[in-house]
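J.: Number 230 marks the last residue of the sequence shown (the numbering used here); no jumps. For each residue, glycine too, the CB sits at the ideal point set by N, CA and C. Computed from a predicted model, the values in this text were never measured in an experiment. Supplied in structure tokens, the structure appears directly below.
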Amino acid sequence: MEVKLYHTGALQVNTYLVYDDTKEAFIVDPGGYSNDLAYAVEKLGLNVRYIILTHGHFDHIGGVPDFQKEYPEAVTVGFEKEKKTFADSRMNISSMFSRTPMFIKVDQYVEDNETMKIGDMELKFLFTPGHTPGGMSILLENVVFCGDTLFQQSIGRTDFPGGSFEVLADSIRNRLYTLPEDTIVLPGHMGQTTIGAEKAYNMFVRG
24 MEVKLYHTGA
34 LQVNTYLVYD
44 DTKEAFIVDP
54 GGYSNDLAYA
64 VEKLGLNVRY
74 IILTHGHFDH
84 IGGVPDFQKE
94 YPEAVTVGFE
104 KEKKTFADSR
114 MNISSMFSRT
124 PMFIKVDQYV
134 EDNETMKIGD
144 MELKFLFTPG
154 HTPGGMSILL
164 ENVVFCGDTL
174 FQQSIGRTDF
184 PGGSFEVLAD
194 SIRNRLYTLP
204 EDTIVLPGHM
214 GQTTIGAEKA
224 YNMFVRG
């Protein structure tokens, strides 16, 4: 498994391109279109099978329409409890922060603990709400892509529509902190960390 990081969109979201030796690939949270990402796909001869969204906020979905055009066979995936956020400009806060309200087309909705095979990679989707009502994390081997649920010594905001600190804290304690401590956390902003480091040093949610 290989993971490449790109900063995309107005808020420089962490967008990830993930692939393995089979050349099957997926994109996580395209906040905007990235020429560098598209170039890597072409140079490496990758087949982008999926565009996977940890949640529906505007800064994580802004590049979806362009990548859907770039890779028309790719399936866009989101969590089933996030449907309203993807479709409602108030919920996805594009009406608050962007001049253009955003609505995106999600092709496939997944549920908690559902798995997906991409090449030789097996993904598991974990329901981790709180930042948004239908936020999810993506577990792949010893890596978890957690969107805006958990950051390096911080957590996602809970003051946007549908957010809840109590729900977010429960997601972190009971879904993320139960993962092995050496699990690598790849968040939607800031740098990578580990579950063990966050359990020990994150002042917002103690392990």
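(1) What is the DSSP secondary structure of Pro124, reduced to helix, strand or coil?
(2) Look at the Cβ atom of Ile161, then the Cβ atom of Thr217, and state whether they are nearer than 8 Å.
(3) When the Cα atoms are used, what is the spatial distance from Ser194 to Pro152?
(4) Between Phe109 and Tyr73, is the Cβ-Cβ spacing less than 8 Å?
(5) Which residue's Cα is closest to the Cα of Tyr132: Glu105, Lys222 and Gln175?
(6) Determine the burial state of Arg198: buried for a count of at least 16 other Cβ atoms within 10 Å of its Cβ, exposed for fewer.
(7) Hey, Phe150 and Met159 are a contact pair by Cβ (cut 8 Å); roughly how many whole angstroms apart?
(8) What's the gap between the Cα of Lys222 and the Cα of Asn165?
(9) If you run the structure through DSSP and keep just helix, strand and coil, what is His83?
(10) Take Ser177 and list the residues in its own chain whose beta-carbon comes closer than 8 Å to its own, dropping the five residues that flank it on each side.
(11) Assign Lys46 to one of three DSSP states: helix, strand, or coil.
(12) On the DSSP bridge assignment, give the partners of Glu145 in chain order.
T.: Per the coordinate set shown:
(1) Position 101 of the sequence shown, counting from 1, holds the residue named residue 124. DSSP places Pro124 outside both helix and strand once states are collapsed to three, so it counts as coil.
(2) Taking the first residue of the sequence shown as position 1, residue 161 is located at position 138. Taking the first residue of the sequence shown as position 1, residue 217 is located at position 194. Result no, Cβ atoms of Ile161 and Thr217 do not sit closer than 8 Å.
(3) Taking the first residue of the sequence shown as 1, we reach residue 194 at position 171. Taking the first residue of the sequence shown as 1, we reach residue 152 at position 129. About 6 Å.
(4) Your numbering for residue 109 matches position 86 in the sequence shown. Your numbering for residue 73 matches position 50 in the sequence shown. No, the Cβ-Cβ distance between Phe109 and Tyr73 is not below 8 Å.
(5) Translated into the one-based positions of the sequence shown, residue 132 becomes position 109. Nearest C-alpha to Tyr132: Glu105.
(6) Counted from its first residue, the sequence shown places residue 198 at position 175. When all chains shown are included, Arg198 counts as buried.
(7) Here residue 150 corresponds to residue number 127 of the sequence shown, with the count starting at 1. Here residue 159 corresponds to residue number 136 of the sequence shown, with the count starting at 1. Yes, Phe150 and Met159 are in contact; Cβ-Cβ is about 6 Å, under 8 Å.
(8) Residue 222 sits at position 199 when you count from the first residue of the sequence shown. Residue 165 sits at position 142 when you count from the first residue of the sequence shown. Inter-residue distance for Lys222 and Asn165 is about 16 Å (C-alpha atoms, whole angstroms).
(9) Numbered from 1 along the sequence shown, position 60 holds the residue referred to as residue 83. Helix.
(10) Residue mapping note: residue 177 aligns to position 154 of the sequence shown, counting from 1. Answer for Ser177: Met213, Asn225 and Phe227, listed in chain order.
(11) For the purposes of this step, residue 46 is identified with residue 23 of the sequence shown, where counting begins at 1. Three-state DSSP puts Lys46 in coil, outside helix and strand.
(12) The count along the sequence shown starts at 1 and reaches residue 145 at position 122. Lys140, per the DSSP bridge assignment.
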